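Note that this note's numbering has the sequence shown beginning at 5, numbered continuously upward. The C-beta atom is built at its ideal place from N, Cα and C for all residues, glycine as well. Predicted model only: the values in this text are computed from it and were never measured. Below: the structure, in structure tokens.
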Amino acid sequence: IAIVIGTFLEGETTVLLGGIFSKLQYMELDHVMAWAFLGTLAGDCTFFFLGKAFGRNIIDRYEFLRSKIPLANGIMKRYGNFIIFLVRFFVGVRGIILLLLGCTDIRKRTFFLYSTMSAALWSIVVSSIGYLFANVVYIFVHDIRKYEKFIIPAILIVVAALILVYRHIVKEREKTYGN
């Protein structure tokens, strides 16, 4: 269930961890792939259909966005299926792109077909990468135990220093701007 929730929005880290845990025999790789597929497909469809339902209202409010609709539809007619397939592999901007895709003239059936294929490939590839690199992660984590009594205090000191510097900068700006 954690994999479904984690993949609903973005999910690379969740699926990579699922692959790693599969290699370490905490999970089964085929289950990770299946749950990742379901979560990512559900997330993609949700964002796309939100764009279909509400995107036009938002776009119609802004002339700049409204003027770009013919260009977006032209691009989608030419490269639409390819874009639908690749959007799953765009990290960090996937949700926005899917919302915008919902605003175009893409048919729901076409979106669902290409999104399903993309989600299946993405789920298999990302979980397999986690599975294949699990040994490297295990070696690193195993070795880090020797150094954790030095690393953890160093991280805490750096974080505390950054907080103090930030607070100092905020106080100086408040003095400068009279707030």
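- Below 8 Å, enough C-beta pairs join the stretch 126-141 and the stretch 14-30 to call them touching: three or more.
- Across the structure, Ala-138 and Tyr-151 are spaced so that their CA atoms are roughly 20 Å apart.
- Scanning the stretch 20-66 from its first residue to its last, the whole alpha helix (DSSP H) runs of 4-plus residues come out as 33-54 and 60-65.
- Excluding the 5 residues flanking it on each side, Phe-52 has same chain C-beta neighbours closer than 7 Å at Leu-102, Leu-105, Gly-106 and Phe-115, in chain order.
- Here the alpha carbon of Gly-43 sits roughly 34 Å from the alpha carbon of Ile-159.
- Val-145 has its alpha-carbon roughly 13 Å from the corresponding atom of Ile-155.
- Minimum Cα-Cα distance from Lys-81 among the listed residues Leu-69, Asp-109 and Leu-136 corresponds to Asp-109.
- With respect to the 9 Å criterion, Gly-47 and Thr-17 are not classified as neighbours on the basis of their beta carbons.
- Here Lys-72 carries a coil assignment [DSSP, helix/strand/coil].
- Rounded to whole angstroms, the gap between the alpha carbons of Gly-99 and Ile-9 is 15 Å.
- Per DSSP, Phe-116 is one residue of the alpha helix (DSSP H) stretching across 112-136.
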